[in-house]
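**Student:**
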Amino acid sequence: MNEEIRRAAGILRAGGLVAFPTETVYGLGADASNAQAIARLYAVKGRPAEHPVIVHFDTAARAFAWARELPEAAHALAAKFWPGPLTLIVRRAPHVGDFVTGAQLAVGLRVPAHPVARELLAVFAELAGDVRRAGIAAPSANRFGRVSPTTAAHVRADLGGEVDLVLEGGASEVGIESTIVDLTRARPAILRPGRVSAAQIEAEVGALDAAQGAPRHSGGLERHYAPRTPALLVASHAFDGEIARRRGRIAALAYSRPDERVALWLRMPQEPQAYAQRLYAALRELDLAGCDVILVEAPPETPEWAAVRDRLRRAAEA
Ligand code: TXA
Ligand code: MG
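Written as structure tokens, this is what we have:
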């Protein structure tokens with residue numbers, strides 16, 4: 002594996018694209034200091050150029066060299082949650098290119114925990130010899146607007162021949178994208194919920210900015226993380242009635258017992274972290290079943306389910 006990671010770091014240094022595992026989802030990596038590499042990344046993903054990408058590092062010290070005027074909250078959150086499934090939006094250092102921030106004055110930074118990602122980032126930084134070239138920009142390795150990949154096979158199915166190398170790292174343990182915290186406002190604000198919860202963030206930095214505003218980030222677009230088959234979020238108590246009312250082939254993502262009127266029924270865990278871990282693979286499987294609709298049983302309206310509810314709401318039609 003070590004040789005494979007060296008090769009991957011070399012490809013990235015030369016301006017190529019490498020998909021790699023992280024504990025959240027697989028990322029599509031490119032050298033964050035190379036405008037041409039980032040242009041190719043955006044082209045392969047089919048992503049609009051004004052959308053910023055997250056830049057990944059092996060250590061917080063390297064990550065923070067890409068920031069200026071770091072608030073105390075950045076140090077507190079990094080100390081607690083890095084390496085891990087958390088992205089910090091901070092004011093960017095002068096060397097950070099418009100092409101990774103969508104011309105915004107803030108940059109998204111993350112230190113992932115997956116051992117393959119960490120080793121790749123460390124070798125990449127070593128080859129760079131300069132912290133300003135040590136960051137790997139990596140959006141989720143799916144086409145824009147589609148379900149994020151949680152295995153190397155998902156990446157190959159989505160982006161196959163357009164990526165120079167796909168590093169293997171097993172199924173992502175968290176299963177949904179990192180929590181994004183914006184530290185450029187008077188108070189920290191969560192732009193995207195994830196495994197690291199609002200309560201955990203508040204415990205470190207105090208009260209959050211409740212008004213989430215309208216940040217410019219693609220995860221904030223209404224329909225996102227979407228399968229091709231139309232998906233519909235249905236309250237538990239209405240689930241049976243919805244099945245009865247429908248004609249055509251139905252696929253279901255649910256907690257309760259399978260129903261024989263449904264062509265493919267995936268029974269999901271009752272616990273939010275286990276649910277999140279399985280979610281994207283389940284949506285892909287349901288999508289491949291060739292049904293007319295995916296009915297999704299809505300999870301509880303409790304804080305532990307916030308991140309899963311967010312992804313389901315975006316996967317489902319408005
Ligand atoms: O878990 C993750 O975060 C994964 C893995 C690969 O690290 N990455 C990921 O990247 O989800 P992506 O590009 O699919 O989503 C990143 C989100 C996007 O909505 C992006 O617009 C937002 O982060 N973002 C990045 N930089 C930002 C900035 N400067 N200001 C506001 N939002 C930003
Ligand atoms: Mg994404």
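Numbering-wise, the numbering used here comes out as the position in the sequence shown, counting from 1, plus 1. Positions of the beta carbon are idealized from the N, C-alpha and C atoms, including for glycine.
1. Let me make sure I understand the geometry here. Which of P189, I202, L110 has the alpha-carbon closest to that of L89?
2. What separation, rounded to the nearest whole angstrom, lies between the Cα atoms of E305 and G195?
3. I need the DSSP call for E272, collapsed to helix, strand or coil.
4. Between the region 290-309 and the region 244-262, are three or more C-beta pairs nearer than 8 Å?
5. What residues are listed by DSSP as bridge partners for V132?
6. Given this structure, state the Cα-to-Cα distance separating F58 from R247, to the nearest angstrom.
7. Looking only at DSSP bridge pairs, what is S141 linked to?
8. Taking only the alpha-carbon atoms, compute the straight-line gap between A94 and E302 and give it to the nearest angstrom.
9. Less than 9 Å between the beta carbons of L29 and A139, yes or no?
10. Does the distance between the C-beta of N3 and the nearest non-hydrogen atom of the ligand MG fall short of 8 Å?
11. So, under 8 Å CB-CB, V117 and I6 are touching, yes? Tell me the CB distance rounded to an integer number of Å.
12. Our contact map puts V309 next to Y276 with C-beta atoms below 8 Å; I'd like the distance itself, whole angstroms only.
13. Alpha carbon to alpha carbon, how far is V91 from A40?
14. What is the rounded straight-line gap between the Cα of A232 and the Cα of R312?
15. Looking at the strands, I want to know which residues DSSP matches up with L267.
16. Does the region 263-276 touch the region 202-212, meaning 3 or more C-beta pairs lie closer than 8 Å?
17. Return the chain-ordered list of same chain residues with a C-beta closer than 6 Å to the C-beta of R186, the five sequence neighbours on each side being excluded.
18. Grouping DSSP H, G and I as helix and E and B as strand, with all else coil, what is F21?
19. What is the rounded straight-line gap between the Cα of E73 and the Cα of I244?
20. From Y226, V112, V54, pick the residue whose C-alpha is nearest to that of P150; which is it?
21. Would the beta-carbon of V19 fall within 9 Å of that of L122?
22. Report the rounded CA-to-CA distance for A114 versus L78, giving the unit in angstroms.
23. Measure the CB-CB distance between R144 and G47 and report whether it falls below 9 Å.
24. Could you check if E178 belongs to the surroundings of the ligand MG, using beta carbon to heavy atom distance under 8 Å?
25. Would you say P140 touches the ligand MG, meaning its beta carbon is less than 8 Å from a heavy atom?
26. Give the DSSP bridge partners of G109, in chain order.
27. Alpha carbon to alpha carbon, how far is F21 from Y27? Give it in angstroms, no decimals.
28. Mind checking whether V148 and V156 have CB atoms under 9 Å apart?
29. So, for V197: in the same chain, excluding its five sequence neighbours on each side, which residues have a beta-carbon less than 8 Å away from its beta-carbon?
30. In terms of alpha-carbon separation, which member of L166, L106, R119, A36 lies closest to A61?
**Tutor:** According to the data block:
1. Closest by alpha carbon: L110.
2. Distance between the alpha carbons of E305 and G195: 10 Å.
3. Three-state DSSP puts E272 in coil, outside helix and strand.
4. Contact between the region 290-309 and the region 244-262 is present, because at least three Cβ pairs lie under 8 Å.
5. The beta-bridge partner set that DSSP reports for V132 is empty.
6. Within the model, the alpha-carbon separation for F58 versus R247 is close to 48 Å.
7. Looking at the DSSP assignment, S141 forms a beta bridge with G28.
8. One C-alpha to the other measures close to 39 Å.
9. For the pair L29 and A139, the CB atoms are nearer than the 9 Å cut-off.
10. No.
11. About 7 Å separates the two Cβ atoms, so the contact holds.
12. Between V309 and Y276 a beta carbon distance of about 5 Å is seen, short of the 8 Å cut, so the two are scored as contacting.
13. In a straight line, the C-alpha of V91 is about 23 Å away from that of A40.
14. Near 12 Å, if we compare the C-alpha coordinates of R312 and A232.
15. Answer by DSSP bridge pairing, in chain order: L254.
16. The answer is no - the region 263-276 does not touch the region 202-212, with fewer than three Cβ pairs under 8 Å.
17. Answer for R186: D210, listed in chain order.
18. For F21, the three-state secondary structure derived from DSSP is strand.
19. Each residue's Cα considered, the two are about 51 Å apart.
20. Proximity to P150 across Y226, V112, V54 peaks at Y226, based on C-alpha coordinates.
21. It is not a contact, given that the beta carbons lie outside the stated cut-off.
22. If I take the Cα positions, the gap works out to 15 Å.
23. Taking 9 Å as the Cβ cut-off, R144 and G47 qualify as a contacting pair.
24. E178: yes, Cβ under 8 Å from the ligand MG.
25. Yes; taking the cut-off as 8 Å, the Cβ of P140 has a heavy atom of the ligand MG nearer than that.
26. Residue pairing from DSSP places G109 in a beta bridge opposite I55, I90.
27. Going from the Cα of Y27 to the Cα of F21 covers about 6 Å.
28. Their beta carbons are not under 9 Å apart, which means V148 does not touch V156 by this criterion.
29. Close CB contacts of V197 within its chain, under the 8 Å cut and outside five residues either way in sequence, are with F82, G85, P86, L87, S179, T180 (chain order).
30. Closest option to A61, Cα to Cα, is R119.
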